[in-house]
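Peer 1: Quick one: the structure is below, questions incoming.
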Amino acid sequence: MHNSLAGTVGPYYIFVDIPAYHRVDQSRLHSQVSSQHPLSLIDNPTQPYNPLILKAEYSKSVMAQVHGSCDSRFKKVERLLQSYIDSGEELGASFVVNINGENVIDIWGGYADKDRTRLWERDTITTVWSTTKCITSLAALILIDRGLLSPYEKVSKYWPEFATNGKQDVEVRHLLSHSSGLSGWEAPVTLSDVFDVPKATALLAEQAPWWTPGTASGYHAFTMGHLVGELVRRVTGKTLGQFISEDMAGPLAADFQLGAQEKDWPRVAETVPPPPMDRLPMLEPTSVAVRTFRNAVPDATAANTNAWKKTEMGAANGHGNARSVAKLLSTVSLSGQVDGKQLLSQKTIDLIFEEQFHGVDLVMGTPVRLGMGFAMVAKDTMCGWLPEGRICGWGGWGGSIGLIDLDRRMTISYVMNKMENSVEMGNYRCQAYVKAVYEALGNL
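Heads up: take any position in the sequence shown, counting from 1, add 1, and you land on the working numbering.
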């Protein structure tokens, strides 16, 4: 909280210096403390930043309150977030539900670092991991809608060098459904090499697919962003990050970016890695899963480095919060139009629900049902905990999620900094929040 002990008043009170970026919440904090604990808070105008005198025993718990707005129908979600923060299971997070273009839930709370010295603020952003793929897929769909890409066209039409080594029949839709056969790098690469997007992308263009494209999915954990990003560059002349900024996030005033500009680093929440989970030794050394992760082994702590923030990886290092992710993805749930801006046609949106693969993914080892750019709901898959219907989305390592429900014109997003391991989409906290939303709507 960046609190500083400025002095003492009697045996029970301390001065708590509230930095400038916390002052936006002082009025709410004042009402919370003074109503619950009379005389425990006194304005002291003689100190910098208008500090507050709080009872020490209350200062930490009060500062970790959930903030934002929540329609009365969904108060259970707000209570759940508060309870998980209080228990320490949730460190910092934001959760948004948009229905018919209105944010009926827009809440955030907790801490932006593992030592709990910084609050998670309204404008806090963090790495959303593979929820980034939702935004990258949306970028591809926008280009399909503009006629610059066709999902059924050969990738080599836009990227001639890609046709080598048996990839001449790979189609754009295969890149969007993790079925191109390029789930990892054949050549030895480090995580630093993957950060060098032009170099890593050129290596993918040279190698052969690891299975017949279009016949199976093998999760393109890192490579999806490099591959789709190169298509974006070839047809627009912009990097994927530039396209997202100029053609998507900018027009919709969505606080989302690939990587993070240095000016925004102070508001980036620290990523806290999940417990170790090593499944690779149990697999055959020649399996697609082992080949996918033997190079550029994922390291959650990399998200806290400057190198991570400086690169643009469309599969993993998007930085945003639940509000910005929901704003962008509501393009799909709202029939292509957000804030009066038409970004997609319904015809293009319908492409998402053209099933590309339904079965066990070669990399994740779990059942999936994939359309173009997003997973679809099926009871036997990692999305089986969701209700049936025209629902699509994807989640990020650790638990973040972007969900699009066309039947209810609803978009749900959850972004957090304390990661968990899960074989399903969304961690257990995420699933609790989302299920509470559907319960309130009478769908669970």
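Think of the CB as a built atom: it goes at the ideal place given N, C-alpha and C, for glycine as much as any other residue.
Determine the burial state of V438: buried for a count of at least 16 other Cβ atoms within 10 Å of its Cβ, exposed for fewer.
Peer 2: Burial state of V438 is buried, judged by a 10 Å Cβ sphere holding 16 or more other Cβ atoms.
Peer 1: When the distance is taken between beta carbons, is L177 closer than 8 Å to S138?
Peer 2: Their beta carbons are under 8 Å apart, which means S138 touches L177 by this criterion.
Peer 1: Evaluate S73 with the Cβ neighbour count: other Cβ atoms within 10 Å of its Cβ, from every protein chain shown; 16 or more gives buried, anything less gives exposed.
Peer 2: exposed
Peer 1: Quick check: the Cα distance between Q321 and A255, rounded to an integer number of angstroms?
Peer 2: The sequence given here places Gly at residue 321; Gln does not occur at that position. Each residue's alpha carbon lies about 9 Å from the other.
Peer 1: Return the chain-ordered list of same chain residues with a C-beta closer than 8 Å to the C-beta of G385, the five sequence neighbours on each side being excluded.
Peer 2: V378, A379, E425
Peer 1: Grouping DSSP H, G and I as helix and E and B as strand, with all else coil, what is W109?
Peer 2: strand
Peer 1: I'd like to know if the segment 369-377 and the segment 185-205 are in contact, where contact means that at least 3 CB-CB pairs between them fall below 8 Å.
Peer 2: no
Peer 1: Where does N428 fall in DSSP's three states?
Peer 2: coil
Peer 1: Between G93 and T125, which are expected to be in contact by the criterion C-beta below 8 Å, what is the C-beta distance as a whole number of angstroms?
Peer 2: 7 Å
Peer 1: Can you tell me where the beta strand (DSSP E) with V369 in it begins and where it stops?
Peer 2: 368-371
Peer 1: Using 8 Å as the cut-off, can you tell me whether the segment 328-346 makes contact with the segment 212-232, which would need three or more C-beta pairs spanning the two stretches below that distance?
Peer 2: Inter-segment contact for the segment 328-346 and the segment 212-232 is absent: fewer than three beta-carbon pairs are separated by less than 8 Å.
Peer 1: Do V364 and S184 have their beta-carbon atoms positioned less than 8 Å apart in this structure?
Peer 2: Taking the C-beta atoms as reference points, V364 is found nearer than 8 Å to S184.
Peer 1: Determine the DSSP secondary structure at Y439, reduced to helix, strand or coil.
Peer 2: helix
Peer 1: G102 to Y415, Cα distance in whole Å?
Peer 2: 17 Å
Peer 1: Per DSSP, which one or two residues make a beta bridge with L120?
Peer 2: The partner list for L120 (beta bridge, DSSP) reads Y112.
Peer 1: R107 and R430: beta carbons closer than 8 Å?
Peer 2: For clarity, residue 107 is Asp in the given sequence; the question names Arg instead. Between D107 and R430, the CB-CB gap reaches or exceeds 8 Å.
Peer 1: What ranges does the beta strand (DSSP E) occupy inside the segment 394-429, keeping only unbroken runs of at least 3 residues that lie completely in it?
Peer 2: 402-406, 411-417
Peer 1: If you compare alpha carbons, which of N104, V229, A209 is closest to P199?
Peer 2: Of the candidates N104, V229, A209, V229 places its Cα closest to the Cα of P199.
Peer 1: If I'm right that K239 touches E231 with Cβ under 8 Å, what's the distance once you round it to whole angstroms?
Peer 2: At roughly 12 Å, the Cβ-Cβ gap does not stay under 8 Å, so K239 and E231 are not in contact.
Peer 1: Taking the C-alpha atoms as reference points, what is the distance between E440 and M411?
Peer 2: Cα to Cα, the separation comes out at about 14 Å.
Peer 1: How would you call G427, buried or exposed, if buried means at least 16 neighbouring beta carbons within 10 angstroms?
Peer 2: So G427 counts as buried.
Peer 1: Give a yes or no on whether the C-beta atoms belonging to W309 and S131 are separated by under 8 Å.
Peer 2: no
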